[in-house]
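Encoded as structure tokens, the structure appears first; notes follow it.
Numbering (full-length UniProt numbering), first residue to last: 1 to 441.
Rendered as structure tokens:
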């Protein structure tokens with residue numbers, strides 16, 4: 001059963017959209033991968049992945065949102081190995097009651113007042129329906145990020161990943177991001193099906209490409225989506241672009257400040273992250289037949305084509321029904337379950353997701369963007385710089401061009417961090433006392 005009553009007017013991608021100045025460079029990245037792994041292995045991986053997608057798309061089209069696991073915060077510390085295995089395989093889940101509902105609602109009221117009192121000074125997008133505010137240090141955001149329940153959830157989720165190098169830890173670092181207050185009634189087309197954490201760099205950066213070594217080697221079934229030993233060194237911001245995060249976010253996340261249901265400006269996810277990312281990575285090497293497009297065996301291996309579908313250096317990785325047909329996006333991009341104030345939803349950094357175009361509800365749909373960010377060398381360096389910006393009231397490094405928030409009415413700065421010791425540690429204040437930030441905080 002389709003999860004969307006009508007497919008939105010999101011962009012479709014065709015081979016004609018390759019920019020001339022990118023052609024030779026894009027071809028070179030393909031040649032590097034073919035030279036390293038060989039046509040036979042890439043073709044083998046393609047057929048296996050498309051075959052696996054048949055089963056996955058059948059499950060998603062039948063079960064829809066019920067595939068997304070729903071947990072309660074109180075149960076999080078007693079998860080069985082089997083449950084953790086399920087969560088990791090699906091790659092997304094809702095955790096309810098992370099912030100007590102009354103507290104989340106109060107924080108939303110505080111946020112609305114803060115925005116109202118400073119509206120003339122704030123930046124928000126999209127221009128025709130301002131809803132994503134380029135605010136990073138409001139009292140509400142600080143309270144939500146430093147909440148002990150929030151930090152505990154992040155530590156547990158970071159622990160889903162493994163790394164024997166002793167240079168990383170699941171201890172959470174606070175990555176400051178924006179906040180959303182989306183009013184009802186207006187469509188939002190800005191975030192169709194996409195994957196964050198870089199786009200072209202998944203193929204172009206040798207370190208990032210190594211994350212997917214088993215896929216390109218012909219064994220997508222061996223891909224470990226939670227291996228931090230290679231992921232920690234991937235350069236997901238190898239190409240300049242405002243969409244790219246400099247830090248590694250193990251899981252992206254929304255913390256709900258209001259109730260939100262499907263068709264009310266909610267989130268759409270494509271579960272079973274390992275198979276979907278494998279398809280995305282292999283798709284550029286093949287050209288579809290004139291007929292029987294869904295028969296993967298009839299696709300031609302074409303390493304000389306410059307096209308990486310939905311890929312622009314400066315943007316997140318986008319997907320469409322035309323360019324990625326085996327994903328059956330219209331059937332398999334599913335709504336997250338209904339969210340209540342204080343609930344959270346989390347999805348793997350490789351997961352395809354989209355923001356719902358429609359908001360047919362009667363009230364604002366508000367979320368804070370709060371991710372699970374582990375301690376890694378790259379993340380420590382960024383968080384140290386972020387802490388310096390915070391003390392000056394300036395935007396974090398990934399969000400240049402913002403305002404000086406110290407000038408806003410109601411700004412609290414460092415004094416607004418609750419849960420002082422743990423919250424300050426996650427914010428990176430201990431790093432400011434060190435001449436050189438260590439690998440592990």
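Backbone N, C-alpha and C define an ideal beta-carbon position, used for all residues, glycine too.
#### Entry: Nearest residue (CA-CA) to residue 164, options 427, 200, 231 and 325
231
### Message
As a quick exercise: from 235, 381, 312 and 50, pick the residue whose alpha carbon is nearest that of residue 286.
### Response
50
### Message
On a Cα-Cα basis, can you pick out the residue from 390, 418, 375 and 179 that is closest to residue 169?
### Response
375
### Query
Where do the ends of the beta strand (DSSP E) carrying residue 253 lie?
251-256
### Message
Is any non-hydrogen atom of the ligand ADP found closer than 7 Å to the C-beta of residue 226, if you look at the structure I gave you?
### Response
Ligands displayed in this structure: none; no statement on the ligand ADP is therefore possible.
### Between the CA atoms of residue 353 and residue 193 - distance to the nearest angstrom
5 Å
#### Entry: Local conformation of residue 339 per DSSP, three classes
strand
#### Entry: residue 220 in three-state terms, based on DSSP
helix
### Query
Taking the Cβ atom as the reference point for each residue, do residue 106 and residue 135 lie within a distance shorter than 8 Å?
no
### Task
Compute the distance between the beta-carbons of residue 189 and residue 9, then report whether it is under 8 Å.
yes
### Message
Distance check for residue 293 and residue 346, CA to CA, integer angstroms please.
### Response
33 Å
#### Entry: Assigned secondary structure, residue 438 (DSSP; H/G/I helix, E/B strand, else coil)
At residue 438 the pLDDT is 48, less than 50, meaning the model places this residue with poor confidence; the figure from the coordinates comes in the next sentence. In this structure, residue 438 counts as coil in the three-state DSSP scheme.
### Query
Going along the chain, which unbroken runs of the beta strand (DSSP E) with 3 or more residues stay wholly within the region 409-438?
none
### Task
Quickly, what does DSSP pair residue 464 with across the bridge? List them, please.
The question about residue 464 has no answer, for the chain in this structure spans 1 to 441.
### Message
Going by DSSP, what residue range makes up the beta strand (DSSP E) through residue 67?
### Response
That residue, residue 67, is in no beta strand (DSSP E); it is neither H nor E in DSSP.
#### Entry: Contact the region 137-153 vs the region 103-123: 3+ CB pairs below 8 Å
yes
### Query
Which residues in the same chain as residue 385 place their Cβ atom closer than 7 Å to its Cβ, once the five residues preceding and following it in sequence are excluded?
397
### Message
Quick check: the region 274-288 against the region 365-374, are at least 3 beta-carbon pairs closer than 8 Å?
### Response
no
### Task
Give the straight-line distance between the Cα atoms of residue 404 and residue 392, rounded to the nearest whole angstrom.
8 Å
### Beta-carbon spacing of residue 378, residue 248 below 8 Å
yes
### Message
Using 8 Å as the threshold, is the C-beta distance between residue 272 and residue 90 below it?
### Response
yes
#### Entry: Given 8 Å, three or more beta-carbon pairs between the region 155-163 and the region 202-211
no
### Task
Could you check the C-alpha separation between residue 295 and residue 283 for me, to the nearest Å?
13 Å
### Query
Less than 8 Å separating the beta-carbons of residue 280 and residue 195?
yes
### Query
Can you name the start and end residues of the beta strand (DSSP E) that residue 169 belongs to?
169-173
### Message
Residues in the same chain with beta-carbon distance under 7 Å from residue 436, minus the five sequence neighbours each way, listed in chain order, please.
### Response
The predicted model places residue 436 with a pLDDT of 49, which falls under 50 and marks its position as unreliable; any figure quoted below should be read in that light. Result list for residue 436: empty, nothing under 7 Å.
### Query
What runs of the beta strand (DSSP E), each 3 residues or longer, lie entirely inside the region 9-59?
none
### Task
Answer yes or no: do residue 221 and residue 54 have a C-beta to C-beta separation smaller than 8 Å?
no
### Query
If you run the structure through DSSP and keep just helix, strand and coil, what is residue 244?
coil
### Query
What is the DSSP secondary structure of residue 363, reduced to helix, strand or coil?
coil
### Query
Among 111, 5 and 124, which has the Cα closest to the Cα of residue 401?
124
### Task
Express the C-alpha separation of residue 73 and residue 79 in angstroms, rounding to a whole number.
11 Å
### Query
Just the Cα atoms here: how many angstroms apart are residue 412 and residue 319?
41 Å
### Task
Mark residue 264 as exposed unless 16 or more other C-beta atoms lie within 10 angstroms of its C-beta, in which case mark it buried.
buried
### Task
Buried or exposed for residue 28, please, with buried defined as at least 16 other CB atoms from any protein chain shown within 10 angstroms of its CB.
exposed
### Query
What are the start and end residues of the alpha helix (DSSP H) that includes residue 387?
377-391
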